[in-house]
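Q: Here's a structure for you.
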Amino acid sequence: MTTSSCACGAVRIEYTGDPIAKCVCHCLECRKSSGSTHALSLLVPSAIFRVTGDPASFSYKAASGSTVTRYFCRGCGINLYSDGEGAPGIKFVRGGAVDDSSLMERCRPDMELFIERRAGWLSAIEGAEQKEIM
């Protein structure tokens, strides 16, 4: 079982099995929500995803044109996961919230999204599918 949590421990995520994909997104919304040049997400089917605690949420129209909802801890503000109408049945779990840091070694991204917005000093991830949009 893989677990993720916020910094204060008020919200926890659990899922079994492997993510169906690992992606890096360079869209403006992901940049802002991650506080970095991109966001790493593990794509997990909703059927194997469980959240405990009471995360806050914020919904908006994303660059893809779909409505996206981001979920974060009310106490510490850590961004934990998102979902949206553009990918029904999928949760986008933030890589930085995963509790087992060794998992990152096994979660090399297999996809990059919004590559036209990738910072010019970043290179494409070797072997990852390159997509203009989601």
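Position one of the sequence shown corresponds to residue 1 (full-length UniProt numbering), numbered consecutively onward. We treat Cβ as the ideally placed atom computed from N, Cα and C, and that holds for glycine.
1) Just the C-alpha distance for residue 15 and residue 119, rounded to the nearest angstrom, thanks.
2) Taking only runs of the beta strand (DSSP E) that begin and end inside the UniProt domain "CENP-V/GFA" (2–112), which ones reach a length of at least 3 residues, in chain order?
3) Taking the straight line between their C-alpha atoms, what separation do you get for residue 100 and residue 40?
4) If I'm right that residue 33 touches residue 79 with Cβ under 8 angstroms, what's the distance once you round it to whole angstroms?
5) Apart from the five residues on each side of it in sequence, which residues of its chain come closer than 6 angstroms, Cβ to Cβ, to residue 57?
6) Between the Cα of residue 89 and the Cα atoms of 95, 46, 31, which residue gives the shortest distance?
7) Whole angstroms are fine: how far does the CA of residue 81 sit from the CA of residue 60?
8) Leaving out the 5 sequence neighbours to the left and right, which residues in its chain are closer than 6 angstroms to residue 44 when beta-carbon positions are compared?
9) Nearest CA to the CA of residue 133: which residue from 28, 35, 96, 73?
A: In short, the structure shows the following:
1) Taking the CA atoms as reference points, residue 15 sits about 32 angstroms from residue 119.
2) Annotation: the UniProt domain "CENP-V/GFA" (2–112) contains the following complete segments of the beta strand (DSSP E) (minimum length 3 residues), in chain order: 2–5, 12–15, 21–25, 39–45, 49–52, 56–61, 67–72, 79–84, 90–94.
3) The straight-line gap from Cα to Cα measures roughly 15 angstroms.
4) Rounded, the Cβ-Cβ distance is 5 angstroms, consistent with contact.
5) Within the same chain, residue 57 has close Cβ partners 69, 71.
6) The closest CA to that of residue 89, considering only 95, 46, 31, is found on 46.
7) Roughly 14 angstroms between the two C-alpha positions.
8) Excluding positions up to five away in sequence, the list reads 15, 19, 91, 93.
9) When 28, 35, 96, 73 are compared, the shortest CA-CA separation from residue 133 is found for 28.
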